[in-house]
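Undergrad: These protein sequence lines map, in sequence, to chains V and D. Taking my numbering, the leading residue of the first sequence gets 67, the next gets one more, and so forth. Taking my numbering, the leading residue of the second sequence gets 67, the next gets one more, and so forth. Where is the CB? At the ideal position from N, CA and C, for every residue including glycine. Next up is a structure, given as structure tokens.
2 protein chains.
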Amino acid sequence: MTGQLPPRDFDSLRAAIVEMRATLPKRLMQVASYALERPDDMAFGTTASIAQAAQVQPSTLVRFAQNFGFDGFSGLQQLFRERLKERNGSYEDRLRHLEAGGMAETEGVAILNGFVAAGHDSLDALADTIDAAALERAISILARAETIYLIARRRSFPIVTYMSYAFGKLKVPCRLVSTAIGNDDDLLAQATAADAAFAVSFSPYAAESAAQARALNERGIAVVGLTDSALSPLAASAEVWFELIESDHAGFRSLSASMALAMALTVGVAERRRQA
Amino acid sequence: MTGQLPPRDFDSLRAAIVEMRATLPKRLMQVASYALERPDDMAFGTTASIAQAAQVQPSTLVRFAQNFGFDGFSGLQQLFRERLKERNGSYEDRLRHLEAGGMAETEGVAILNGFVAAGHDSLDALADTIDAAALERAISILARAETIYLIARRRSFPIVTYMSYAFGKLKVPCRLVSTAIGNDDDLLAQATAADAAFAVSFSPYAAESAAQARALNERGIAVVGLTDSALSPLAASAEVWFELIESDHAGFRSLSASMALAMALTVGVAERRRQA
DNA sequence: CTCAAGATGGAATGTTTGTTCTATTCATGA
DNA sequence: TCATGAATAGAACAAACATTCCATCTTGAG
């Protein structure tokens, strides 16, 4: 493969990489992934810095480049640099292209743009409305809990599944209260005052989640709530609660803001526990 | 002038140059003109190449940089490189810029802002990169399916849980392939060529998801994929696939863009089916 | 298992790079 | 016109760099 002509631009390179995906050795594959995932860094870095970031040897970068017909790494890097220049140069072109396309935009794209806009709006609203003090209190409560119980149904469920995943990665003990067996209440019965819960519920509020939050609260277990209205049943039984309103498109609400807040809580809690 | 602090970003540098315009010696003025006129070349070139292009000596470049308070040319060049990166209008960068501006914020808010910024960036990237034709094809495939099988693990799982919820609301038959019993493969075995699947997998790719997508594909069942790289195993076995790169904060990737795309697909499919 | 071909890590190499130093040129005021 | 101080060019240097090379490890066929 070394003898062939090298790709002339970034897109050709990308195509070449995809084509050779199957036959590429492990380390070269690592480089390929890094190159496609962080092309900006490929443009600026040195062999040493890129190699470290991609967790390979500098020599592997050279071999990778030669594998695709370049003399060495420098020739390959040139492609990434030109890509950066061109992208910036044609920024206005891209805009014009977008506008022109806007006229004849397909139904699918129109829907997508709607959800993208809803996401942006939700995130903006979140940044504007969130209460720093409440956030700190919520983090404190969850950080000092032995186990964090995650409560959510329906539309809110994806939020806690992600939190559950993230907490797992961060080695923070948590339990997702939504088992297929349906023994959720047995599970919650194990919670003690040393634990805490995070409950999410948006209108129309799932009765189950609200009931569980109330039950925990009555047993002296701190509940942090995430909901969309001060009238939510969650607000009544939560130690700290956040109100955030997601923008919607076509009747389906975005989850961007909730996800962002959930992740901030998750990482914040992990960080706090690490410090303690 | 050498003793002062160097400008922190490109705009400050530009201002400093303009301010010193009158007092700058001839050759340094030459460098200044070149720097403002061809900032892209300043970002990538070496002292030798830039010096030649600007018709000065390499040492003049160094003196120019030192004149503005940098240690040497490298420090100056860094500004031009960062400018190229930031050109893409990253919220994350803008945020850092704001933070540098002063205002003390709590740790929790800082983390939250990070995730908000990552969400914005992801949504922007999505709007820029999505292929309208691919979106239409994906909607077609899923809309004509009798049953839609949803495949995802770990970090991608929240996406399909939300889709599952939304499809349910929209009365589109779908099955979430991730049961607690672990009979996923039995479930998939029921799929026929009249069905279709939607699979999501981000790096590090869950082997199970990739294998299931491949198996379905081999049995002639169309698979729509959502992944983060052209090298993803999903790309190989998907009829149509979307590549989207989520921005991350603190090592945790946003889900904003994936969610937006997933919702667009969901609503798009429901819409298409209603029309038929 | 055995062996060969290929892939890999890491040290060695020669080149390129940014920077410094010094002799020379240039501009300015007496 | 000369003296003085800044500005400059270009050579010299040391550090950083991409690249090569080779011993070691991995992989897969027979």
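In or out: V/R80 buried (at least 16 other Cβ within 10 Å) or exposed?
TA: Walking along the first sequence from the start, residue 80 of chain V turns up at place 14. Buried, because 16 or more other Cβ atoms sit within 10 Å of the Cβ of V/R80.
Undergrad: Count the other C-beta atoms from every protein chain shown that fall within 10 angstroms of the C-beta of V/L343, then say buried if there are 16 or more, exposed otherwise.
TA: It is not possible to answer for residue 343 of chain V, since the shown part of chain V is limited to 67 through 342.
Undergrad: Flag this pair as touching only if the region 318-331 of chain D and the region 299-306 of chain D have three or more C-beta atom pairs under 8 Å; answer yes or no.
TA: The region 318-331 of chain D vs the region 299-306 of chain D: no contact.
Undergrad: Using a Cβ-Cβ cut-off of 6 Å (strictly less than) and excluding sequence neighbours within five positions of V/R310, which residues of its own chain qualify?
TA: To locate residue 310 of chain V, count along the first sequence from 1; it is residue 244. In the sequence under discussion, the amino acid at residue 310 of chain V is Leu, which differs from the Arg named in the question. Excluding positions up to five away in sequence, the list reads L192 and A323.
Undergrad: I need the boundaries of the alpha helix (DSSP H) containing D/L327, first residue and last residue.
TA: One-based indexing of the second sequence puts residue 327 of chain D at position 261. Where D/L327 is concerned, the enclosing alpha helix (DSSP H) stretches over S322 to Q341.
Undergrad: Could you list which residues in chain D have their beta carbon closer than 8 Å to that of V/A193, in chain order?
TA: As a working note, residue 193 of chain V is residue 127 in the first sequence. By Cβ distance, chain D contributes L178, N179 and V182.
Undergrad: D/S115: buried (16+ other C-beta within 10 angstroms of its C-beta) or exposed?
TA: The residue you call residue 115 of chain D lines up with position 49 of the second sequence. Under this definition D/S115 is an exposed residue.
Undergrad: Quick one: grab the DSSP three-state call for D/E309.
TA: Locating residue 309 of chain D in the second sequence gives position 243, counting from the first residue. Strand, per DSSP.
Undergrad: Going by the DSSP bridge assignment, what does V/G141 pair with across the sheet?
TA: By 1-based counting over the first sequence, the position of residue 141 of chain V is 75. DSSP, once it has assigned bridges, lists no residue as partnering V/G141.
Undergrad: For V/Y100, which of helix, strand or coil comes out of DSSP?
TA: In the first sequence, counting from the first residue as 1, residue 100 of chain V sits at position 34. In the structure shown, V/Y100 sits in a helix (DSSP, three-state: H, G or I).
Undergrad: How is the alpha helix (DSSP H) around V/Y215 delimited, first residue to last?
TA: The count along the first sequence starts at 1 and reaches residue 215 of chain V at position 149. Here V/Y215 belongs to no alpha helix (DSSP H); instead the beta strand (DSSP E) covers I214 to I217.
Undergrad: Return the CA-CA distance between V/F110 and V/R147, expressed in angstroms with no decimal places.
TA: Along the first sequence, one-based indexing puts residue 110 of chain V at 44. Along the first sequence, one-based indexing puts residue 147 of chain V at 81. Roughly 8 Å between the two C-alpha positions.
Undergrad: What residues in its chain sit with their C-beta under 8 Å from that of D/A257, if we drop five residues either side in the sequence?
TA: Position 191 of the second sequence, counting from 1, holds the residue named residue 257 of chain D. Taken in chain order, the residues that qualify are T213, Y215, A263, L282, R285 and I287.
Undergrad: Which residues does DSSP pair with D/D190 in a beta bridge?
TA: Position 124 of the second sequence holds residue 190 of chain D. For D/D190, which the question treats as bridged, DSSP gives no partner whatsoever.
Undergrad: Thinking just about the alpha-carbon of each residue, which of V/E152, V/F181 and V/T332 is nearest to the one in V/T227?
TA: As a first step, residue 227 of chain V is located in the first sequence; it is residue number 161 there, counting from the start. Nearest C-alpha to V/T227: V/T332.
Undergrad: Could you have a look at V/S230 and say whether DSSP puts it in helix, strand or coil?
TA: Stepping through the first sequence from its first residue, residue 230 of chain V is reached at position 164. Three-state DSSP puts V/S230 in a helix.
Undergrad: What residues from chain V crowd round D/L253, counting only those whose CB sits closer than 9 Å?
TA: As a first step, residue 253 of chain D must be located in the second sequence, where it is residue number 187. Those do not exist, as D/L253 stays about 14 Å from chain V at its closest Cβ, beyond 9 Å.
Undergrad: Within 8 Å of any Cβ in chain D, is that where the Cβ of V/S156 sits?
TA: For the purposes of this step, residue 156 of chain V is taken as the residue at position 90 of the first sequence. Residue placement at V/S156 is poorly supported in this model, since its pLDDT is 39, which falls under 50; the coordinates still yield a value, given next. No, no contact with chain D.
Undergrad: Quick check: the region 175-194 of chain D against the region 179-194 of chain V, are there 3 or more CB pairs under 8 Å?
TA: Judged by Cβ distances under 8 Å, the region 175-194 of chain D makes contact with the region 179-194 of chain V, as three or more pairs qualify.
Undergrad: Could you tell me which chain V residues have their CB closer than 8 Å to the CB of D/P270, listed as they occur along the chain?
TA: Counted from its first residue, the second sequence places residue 270 of chain D at position 204. The contacting residues do not exist; D/P270 stays about 10 Å from chain V at best.
Undergrad: Grouping DSSP H, G and I as helix and E and B as strand, with all else coil, what is D/V128?
TA: Against the second sequence, residue 128 of chain D aligns to sequence position 62. Looking at D/V128 - three-state DSSP - the assignment turns out to be helix.
Undergrad: My output table needs one value for V/D314: the three-state DSSP class, helix, strand or coil.
TA: Mapped onto the first sequence, residue 314 of chain V falls at position 248. The answer is strand: DSSP assigns V/D314 an E or B state.
Undergrad: The beta strand (DSSP E) that contains D/R220, what's its start and end?
TA: Within the second sequence, residue 220 of chain D is the residue found at index 154, counting from 1. No beta strand (DSSP E) holds D/R220; DSSP gives it neither H nor E.
Undergrad: Taking D/G141 and D/P72 to be in contact with their CB atoms under 8 Å, please state how far apart those CB atoms are, rounded to whole angstroms.
TA: As a working mapping, residue 141 of chain D is identified with position 75 in the second sequence. As a working mapping, residue 72 of chain D is identified with position 6 in the second sequence. Indeed, because the Cβ distance is near 6 Å, the residues count as touching under 8 Å.
Undergrad: So D/F318 contacts chain V; which residues on that side make the cut at Cβ distance below 7 Å?
TA: Locating residue 318 of chain D in the second sequence gives position 252, counting from the first residue. Correct list: A232, M329 and V333.
Undergrad: Do you know offhand how far V/S125's Cα is from D/A273's?
TA: Within the first sequence, numbered from 1, the residue matching residue 125 of chain V stands at position 59. Within the second sequence, numbered from 1, the residue matching residue 273 of chain D stands at position 207. Distance between the alpha carbons of V/S125 and D/A273: 29 Å.
Undergrad: Within its chain, find whatever has a CB closer than 8 Å to the CB of D/A119; leave out the 5 residues flanking it on each side and keep chain order.
TA: If you number the second sequence from 1, residue 119 of chain D lands on position 53. For D/A119, where only same-chain residues beyond five positions count, the Cβ hits under 8 Å are Y100, R104, D107 and G111.
Undergrad: Let me see if you follow: with CB-CB separation under 8 Å, is V/P73 close to chain D or not?
TA: Numbered from 1 along the first sequence, position 7 holds the residue referred to as residue 73 of chain V. It does not: the Cβ of V/P73 has no partner Cβ on chain D nearer than 8 Å.
Undergrad: Buried or exposed for V/A279, please, with buried defined as at least 16 other CB atoms from any protein chain shown within 10 angstroms of its CB.
TA: The sequence position of residue 279 of chain V within the first sequence is 213, counting from 1. The residue is buried, with at least 16 neighbouring Cβ atoms inside 10 Å.
Undergrad: Decide if D/D261 is buried, meaning its Cβ has at least 16 other Cβ atoms within 10 Å, or exposed.
TA: Residue numbering aside, residue 261 of chain D sits at position 195 when the second sequence is read from its first letter. Per the 10 Å Cβ criterion, buried.
Undergrad: By how many angstroms is the C-alpha of V/L94 removed from the C-alpha of V/G135?
TA: In the first sequence, residue 135 of chain V corresponds to position 69, counting from 1. In the first sequence, residue 94 of chain V corresponds to position 28, counting from 1. For V/G135 and V/L94, the distance between alpha carbons rounds to 14 Å.
Undergrad: Could you give the DSSP three-state label for V/A265: helix, strand or coil?
TA: Within the first sequence, residue 265 of chain V is the residue found at index 199, counting from 1. Residue state, collapsed to three classes: strand.
Undergrad: If I follow the unbroken beta strand (DSSP E) through D/V290, where does it start and stop?
TA: Numbered from 1 along the second sequence, position 224 holds the residue referred to as residue 290 of chain D. Segment A288 to T293, the beta strand (DSSP E) holding D/V290.
Undergrad: Mind checking D/P91: buried by the 16 CB within 10 Å criterion, or exposed?
TA: Position 25 of the second sequence, counted from the start, is the residue given in the question as residue 91 of chain D. Looking at its Cβ environment, which holds fewer than 16 other Cβ atoms inside 10 Å, D/P91 is exposed.
Undergrad: Looking at D/S269 and the ligand ATP, is the gap between the Cβ and the nearest heavy atom below 7 Å?
TA: Looking for the ligand ATP in the displayed structure turns up nothing, as the structure carries no ligands at all.
Undergrad: Taking the straight line between their C-alpha atoms, what separation do you get for V/A204 and V/V290?
TA: Counted from its first residue, the first sequence places residue 204 of chain V at position 138. Counted from its first residue, the first sequence places residue 290 of chain V at position 224. Rounded to whole angstroms, V/A204 to V/V290 spans 6 Å at the Cα level.
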